[in-house]
Amino acid sequence: MFASPLWLYALATLAIPLALHLWSRRPRQLIRVGSLRHIADLAEARSWSARLTEPLLLLLRLGLLTAVVLALAGPRIGTGRLGSTASRLVLVEPELLEDTALVRRDPLLDSLARSRVTVRLLVPGLPRVQLDGVGSDLGVPEEERRSGRAALWDLLVAADRLVTPGGSMLVIARPRVVRLGGRRPTLAARVVWYDPAPQAERSEWLAGRWSVTPDSAFEVAGWGTPRGTGYRSRMLDGPAQRGAADAPVTVVVQGRDSASRQRLRLAAFAVGTMLGQQVRVAAEPGRADLVLTTAAPSDSLLAAPHRIARVSPAVLRSSALADSVLAQWPWNRLVRDPDDPREVSLAQAMPGLGGTARPDQRDARPALLLLALMFFAVERWLATRPRRGPA
Amino acid sequence: MSGGALAYRFVTASTLALVRDLELAAHIVVDGMMLGQHTSRRAGAGFEFSQYRSYQPGDDLRRLDWKLLGRSDRYFVREAETETSVTVRILLDATGSMAHEEAGVSKLDYARYLAAALMLLAHRQGDAVGLYVLGDGRAVTHRPRREPSHLHRLLHELERIQPAGRWPVWSALERAVTPDAERGITIFLGDFHERGDEIRAAVKRLAGARHEVICFQVLGDVERAFAYRGTITLEELETGRRLDLVAEESRDLATATLEQQLRDLRYAVEESGAALVPCLLAQPFEGPLREYLGRRSRYA
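So the protein sequences, as listed, match chains A and B. When we follow this note's numbering, the leftmost residue of the first sequence carries the number 256, and every step to the right adds one. When we follow this note's numbering, the leftmost residue of the second sequence carries the number 3, and every step to the right adds one.
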């Protein structure tokens, strides 16, 4: 609800006007006089006004501070609840509906199955399925299941078009690394992730391994639990642990202009740094291990013994350049399993976090600042208006 | 005039507060006033010789100077200065508002000293003096008399007065004052802080009853100038009503309103034929006493 909730600690400043108000009500010097008649007439109106004004001023000051602090915390107005908006879409991973034990164990899946609502399967085409029971084979080919797992963002972008503005989609799926890789799209719909009965087992995988010296190697292993992911590294000794490509990689870049070539060089260095390999950039293709080019390889290049990696000009100026180079890097020692079952935290999986405003939640800061300005103006008017009588 | 007498003339209530005995305080005040200069006398039957005049038919033969007749064979009547006798009534406001105090002196203290001095002054002039203490919703009456013992009784009574309560209703005041059908000077001592116009009404009725009424209005210097400072709470003595205010912000308004009320009061009092003499707590007693003497002289 708040972009910077830490600012809410500043609400402690509300104690300042409260303390000042209480301080002003402390016992004063008492003077007994014969008559108040000469000031009573005006004092009556004034004291009535003062009795009303002082709490009003206090409320205005408290309101002013509250509005400013809330504005700093960056609140967003909106329910954010599933089903409360214009439309909603339920996307379900087919394997989850086919797992009878899981459906019976998970309350949401069980409710969906019992209510017999229409959902869409999280596979290419987003087919509609009428739930009339669980445990049966939905008849989705394995290729489509695999494709659905690998291209989650594409499926969500397609589903986003089916949701009216301000709507939301409920995605019931296991968040896996293979599914959540790549650049996250910005979606118009609010996405609510639901991970049914997350697996409790811990999974580990080899993230990378490369030689440091002729007799040792460096290994990075990843781990994943339902609560998050992490990496740990260790040094392996002995010749048996040596990597395959320990020699420097000589790269030749070819592009239409110097800017393109510079980008390719930087991408090659980035990949080399990530993989722990030394990269050298050469000018002559004849001495290269790899040629990075944005153009179609010529016959002479194809005839040469070095490897060729073609990078699309469309990717050249995008942040996916390094990924594109890495995908064609011949000495990539990272172990990647397309069906990697390791899980990531839902916080990692949430698209649009960190800056993408959700359509059903409006930024409340302008309204709060306007409110604070109004409070300030009224407070100043009340506090500085000419006094017609005693304080 | 000696320096000591000059010092006595400017004696103030705060000085008299050091004197425990009220009678002594009255003597200090009155002795500084060149006693006797302002007695009003008229020629007539008396003890002190004034002049001779020719006998007129109808003159009392007892006043015929037989020795002069023997020497000059003419009829002369001996005339002497006759001291007039005046009845002085002192109405003392002893309501709660008279407890207003500044620099250790309350309004009632000031009124007490002034009343004692007036009593002594009147007594020395041979006047009958009476005291009416108005407070706590009633009037305590001490009828005018000329005996020295009566003066002592009145001074003793003055010392015992404590400020309390509110102004009595007119019926109580009327019962106390009007049985003295004798004309005279009525001295009103108080701060004249009213709820409505009860004091002005009383002054008007007394003045209408052929009383020579002199009102001494006792006010505090700080009260009149509203010279309070900072954030204060004012409490009305008679009602206990409180008012929180910042003195500096309210000063102009308070002083302007008070002065207007004083002008209205003066107008109302003088319109009824009485005189209003403002007295400040830090002010010497000479001014009020001279005012009294002037009035008495004209009256007698």
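Note that CB positions come from ideal geometry on N, CA and C, so glycine has one too. Nothing here was measured: the structure is a model prediction, and the numbers come from that model.
Classification of residue i by the beta-carbon crowding that lies within 10 angstroms, buried from 16 upward
i: K69/B; result: exposed
i: Y264/A; result: exposed
i: W278/A; result: exposed
i: H213/B; result: buried
i: S488/A; result: exposed
i: E273/B; result: exposed
i: Q385/A; result: exposed
i: H152/B; result: buried
i: T419/A; result: exposed
i: T373/A; result: exposed
i: Y134/B; result: buried
i: L295/B; result: buried
i: A551/A; result: exposed
i: A577/A; result: buried
i: Y112/B; result: buried
Local conformation of residue i per DSSP, three classes
i: P272/A; result: helix
i: R257/A; result: The sequence shown places Phe at residue 257/A, rather than the Arg named in the question. In this structure, F257/A counts as strand in the three-state DSSP scheme.
i: A141/B; result: strand
i: P280/B; result: strand
i: Y54/B; result: strand
i: V395/A; result: coil
i: G527/A; result: helix
i: R243/B; result: coil
i: Y269/B; result: helix
i: P310/A; result: helix
i: Y134/B; result: strand
i: S488/A; result: strand
i: L157/B; result: helix
i: A564/A; result: strand
i: T548/A; result: strand
Beta carbon of residue i nearer than 7 Å to that of residue j
i: E81/B; j: Q58/B; result: no
i: A141/B; j: A166/B; result: no
i: H144/B; j: L157/B; result: no
i: F218/B; j: V31/B; result: no
i: P451/A; j: V412/A; result: no
i: I187/B; j: V88/B; result: yes
i: A443/A; j: L377/A; result: no
i: D193/B; j: V220/B; result: yes
Chain A contact for residue i (CB, 7 Å cutoff)
i: S108/B; result: no
i: S99/B; result: yes
i: I163/B; result: no
i: G237/B; result: For the sequence presented, residue 237/B should be read as Glu rather than Gly. Yes, E237/B lies at the interface with chain A (some Cβ there is under 7 Å from its Cβ).
i: L267/B; result: no
i: D95/B; result: no
i: D193/B; result: yes
i: L116/B; result: no
i: I201/B; result: no
i: A256/B; result: yes
i: I234/B; result: yes
i: Q263/B; result: yes
i: H102/B; result: yes
i: L175/B; result: no
i: L260/B; result: yes
Residue i, enclosing beta strand (DSSP E) - first and last residue
i: T235/B; result: 233-238
i: L346/A; result: 343-347
i: S1/B; result: Because chain B spans 3 through 302 in this model, residue 1/B falls outside it and cannot be assessed.
i: G186/B; result: 186-192
i: E214/B; result: 214-221
i: M121/B; result: Premise fails: M121/B lies in the alpha helix (DSSP H), 109-126, not in any beta strand (DSSP E).
i: Q284/A; result: 284-288
i: V504/A; result: 504-509
CB contact check: residue i to chain B, cutoff 7 Å
i: S423/A; result: no
i: V288/A; result: yes
i: L285/A; result: yes
i: H293/A; result: yes
i: G338/A; result: Only weak support exists for where G338/A lies, its pLDDT of 40 falling under 50; the value from the coordinates is given anyway. Answer no: the Cβ-Cβ gap between G338/A and chain B never drops below 7 Å.
N- and C-terminal bounds of the alpha helix (DSSP H) containing residue i
i: W448/A; result: First-last for W448/A: 445-449, but that is the beta strand (DSSP E), not the alpha helix (DSSP H).
i: D578/A; result: 576-582
i: D33/B; result: 24-33
i: S423/A; result: Not the alpha helix (DSSP H): S423/A falls in the beta strand (DSSP E), residues 423-427.
i: R64/B; result: Neither: R64/B is in no alpha helix (DSSP H) and is coded neither H nor E.
7 Å Cβ cutoff, residue i in contact with chain E
i: L245/B; result: As a matter of chain content, chain E is missing from the structure shown, whose protein chains are A and B.
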